[in-house]
Amino acid sequence: MFKLINERSKKLFEEAKKVIPGGVNSPVRAFKSVGGSPIFIKEAKGAYLYDEDGNKYIDYISSWGPMIIGHAHPEIINAVENQSRKGTSYGIPTELETKMAELVVSLAPNVDKIRFVNSGTEACMSAIRLARGYTKRDKIIKFSGCYHGHSDSFLIQAGSGASTFGVPNSPGVTKATASDTLLASFNDIGQVKDLFKEYKNEIAAVIVEPIAGNMGCVLPESDFILELRKLCDQHNTVLVFDEVMTGFRLGLGGAQEILGVDADLVTYGKVIGGGLPVGAFGGREDIMNFLAPDGPVYQAGTLSGNPIAMSAGYAMLNYLKNNTSIYESLDSKTIYLREGLESVLKTNKLPFHINSIGSMISLHFTNSHVVNFETAQQGDNKYFKNYFHGMLANGVYLPPSAYESYFLNDAITFSDIDDTIKSFEKIASKI
Ligand code: KE4
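As structure tokens, this is what we get:
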């Protein structure tokens with residue numbers, strides 16, 4: 003319906019599929035839930051992506067979160083260039099890792115100690131193993147539609163790519179593993195109370211995206227997160243905030259600061275790597291000290307704390323620390339985008355619900371209030387597919403799945419947002 007010149011991307015995708023499963027290194031990039039052939043990016047600068055067919059896009063994904071200050075930012079590029087001239091990896095401790103850890107500890111609430119890994123998945127997987135080792139319990143509670151990476155324990159009604167595929171329980175996850183993961187609906191504290199009643203003293207951890215982004219953006223209602231805190235205190239269960247997405251995106255203190263609720267362990271990724279592979283988990287010292295080599299819970303990584311990745315993350319966090327006005331700027335741009343989208347949706351009498359907070363926003367083609375995975379699934383994917391492709395053909399790159407949040411970067415200008423809304427006005431009557 004919407005014409006995009008993408009012959010070279012199509013050719014590259016066919017070549018990729020011969021040597022990479024599905025032609026991609028992460029499923030959501032394959033456009034499976036929106037159809038069509040993914041674009042292949044040649045380069046990115048500031049707010050814009052440039053694909054292999056010469057098309058330019060305003061980027062609302064920012065590499066799924068990391069590029070919060072825009073692509074190829076000089077502060078990041080200079081840090082990476084300077085560090086790489088000293089070598090790319092040592093597998094030996096560096097002062098840079100300590101300085102990065104000190105910076106995160108100084109900025110993140112309730113993080114006494116932190117361990118760096120290479121992805122959000124590793125961070126969440128390790129945090130859960132640590133919680134199980136610390137409590138000597140096996141079970142965990144997660145929430146349908148929340149995504150904590152592709153570790154076996156989490157691929158049970160996962161969000162993000164797994165939901166997009168409609169394959170909530172991935173093959174390859176053993177029944178034994180799945181039996182230790184208990185599920186509840188986000189924002190339903192009653193279900194959590196029932197699980198604690200049924201599995202008294204067996205629950206090692208509750209892991210939650212305190213502000214969810216993997217069923218689209220879904221906000222916690224009233225005191226849901228505070229109630230989780232109280233239940234975990236009552237049952238000596240570790241409360242893990244998965245802030246891979248929200249950490250340093252919604253503010254320096256992340257969701258803990260916004261919600262005013264303390265986690266026992268927090269996981270990070272995306273922004274803290276400045277676009278390089280960095281994940282991290284940290285929190286209460288008494289729990290973190292259970293980690294090897296001092297403690298019994300094993301966790302390791304050849305490239306953990308890699309100097310190039312640390313240099314990018316350190317430059318990013320220092321930039322954000324020294325330019326906190328970026329958060330107000332992102333908030334106002336996101337509100338401006340939301341108001342523009344709502345105006346077009348109302349004019350064209352389309353069913354919709356928008357959730358947003360800070361620089362996270364998602365549009366659902368349903369009149370239901372989207373408060374959990376079940377209501378997020380009520381979105382009309384036919385509308386979404388046409389919306390996605392219509393915007394793509396008009397120079398706007400959105401997440402290729404209804405179960406994702408948009409991530410604004412501060413290189414996006416109000417004029418870019420005006421252009422985004424104009425693109426939507428052009429296509430809205432045809433989706
Ligand atoms: P990674 O292993 O992809 O670095 O992080 C996993 C993860 C953990 N926790 C949260 C809250 C996350 O959002 C993620 C990863 N986010 C998805 C996007 N929704 C990554 C995109 C992809 O899978 O390609």
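Residue 134 in my numbering sits at position 132 of the sequence shown, and the numbers go up by one each step.
Glycine included, every Cβ here is placed at the ideal spot set by N, Cα and C.
query: In its own chain, which residues sit with a C-beta less than 8 Å from the C-beta of valine 106, not counting the 5 before and 5 after it?
result: Val113, Ile116, Tyr270, Ile274, Ala282, Gly284 and Leu319
message: Under 7 Å: does the beta carbon of arginine 31 sit that close to some heavy atom of the ligand KE4?
response: yes
field: Reference threonine 377; option with closest CA among Met362, Ile363 and Phe354
entry: Phe354
- prompt: What does a CB cutoff of less than 6 Å around phenylalanine 426 pick up in its chain, not counting 5 residues either side in sequence?
  reply: Val346
message: Assuming the contact rule is C-beta atoms closer than 8 Å, glutamate 204 and lysine 144 should be a hit. Round their C-beta distance to whole Å, please.
response: With a Cβ gap of about 15 Å, glutamate 204 and lysine 144 do not count as contacting.
- prompt: Relative to the ligand KE4, is the shortest distance from any of its heavy atoms to the C-beta of methionine 247 smaller than 7 Å?
  reply: yes
message: In the DSSP output, what is alanine 186 paired with across the bridge?
response: Phe145
field: Delimiting residues of the beta strand (DSSP E) encompassing lysine 47
entry: 43-47
message: Quick check: the stretch 41-57 against the stretch 3-10, are at least 3 beta-carbon pairs closer than 8 Å?
response: yes
message: Checking the sheet assignment: what are the DSSP bridge partners for phenylalanine 292?
response: Looking at the DSSP assignment, phenylalanine 292 forms no beta bridge with any residue, so it has no partner.
task: Counting only the same chain and skipping the five closest in sequence on each side, list residues whose C-beta sits under 8 Å from that of glycine 435.
output: For residue 435 there is no data in the structure shown, the boundaries of the chain being 3 and 433.
message: Between Leu332, Ser306 and Ala314, which has its C-alpha nearest glycine 1's C-alpha?
response: Residue 1 lies beyond the range of the chain shown here (3 to 433); nothing can be said about it.
message: Is any non-hydrogen atom of the ligand MG found closer than 7 Å to the C-beta of cysteine 126, if you look at the structure I gave you?
response: Looking for the ligand MG in the displayed structure turns up nothing; the ligands present are the ligand KE4.
query: Hey, out of Ala74, Lys13 and Tyr405, whose CA is closest to alanine 413's CA?
result: Ala74
query: Would the beta-carbon of threonine 123 be found less than 7 Å away from any heavy atom of the ligand KE4?
result: yes
query: According to DSSP, which residues form a beta bridge with aspartate 140?
result: The partner list for aspartate 140 (beta bridge, DSSP) is empty, contrary to what the question assumes.
message: Here's a check: name, in chain order, each residue in its chain whose Cβ is nearer than 8 Å to the Cβ of isoleucine 158, leaving out the five neighbours to either side.
response: Lys144, Pro170, Asn171, Val175, Ala180, Thr183 and Leu185
task: Ignoring anything shorter than 4 residues or poking outside the stretch 29-86, list the alpha helix (DSSP H) runs there in chain order.
output: 76-86
- prompt: What residue does the alpha helix (DSSP H) around isoleucine 310 start on, and which one ends it?
  reply: 309-324
query: So lysine 272 packs on proline 29, CB below 8 Å; how close in whole Å?
result: Not a contact, Cβ separation roughly 18 Å.
- prompt: Can you tell me whether DSSP reads valine 299 as helix, strand or coil?
  reply: strand
query: To the nearest whole angstrom, what separates the beta carbons of leucine 228 and valine 263, a pair I think is in contact under 8 Å?
result: 5 Å
task: Output the distance between the C-alpha atoms of lysine 12 and proline 401, rounded to the nearest integer angstrom.
output: 19 Å
- prompt: According to the Cβ coordinates, are glycine 315 and glycine 276 closer than 8 Å?
  reply: yes
- prompt: Comparing alpha-carbon positions, which option in Val268, Pro76, Thr248 and Lys202 lies nearest cysteine 126?
  reply: Val268
message: Give the list of continuous beta strand (DSSP E) stretches no shorter than 3 residues that lie fully inside the stretch 177-255.
response: 183-186, 205-210 and 240-244
message: Residues in the same chain with beta-carbon distance under 8 Å from valine 26, minus the five sequence neighbours each way, listed in chain order, please.
response: Ala18, Ala32 and Pro40
query: aspartate 266 and valine 242: beta carbons closer than 8 Å?
result: yes
DSSP-derived helix/strand/coil call for phenylalanine 390: helix
- prompt: Is serine 28 near the ligand KE4, in the sense that its beta carbon is under 7 Å from a heavy atom of that ligand?
  reply: yes
- prompt: Using a threshold of 7 Å, is the CB atom of tyrosine 52 nearer than that to any non-hydrogen atom of the ligand KE4?
  reply: no
message: Could you check whether the stretch 381-397 touches the stretch 327-337, counting it as contact only if at least three pairs of C-beta atoms, one from each stretch, sit closer than 8 Å?
response: no
- request: Mind checking who tyrosine 270 pairs with in its DSSP beta bridge?
  value: Ala282
- prompt: Span of the beta strand (DSSP E) holding serine 370?
  reply: That residue, serine 370, is in no beta strand (DSSP E); it is neither H nor E in DSSP.
message: Let me check understanding here. Comparing Cα to Cα, which of Ser407, Ile289 and Lys47 lies closest to tyrosine 149?
response: Ser407
task: For the beta strand (DSSP E) containing phenylalanine 118, list its first residue and its last residue.
output: 115-119
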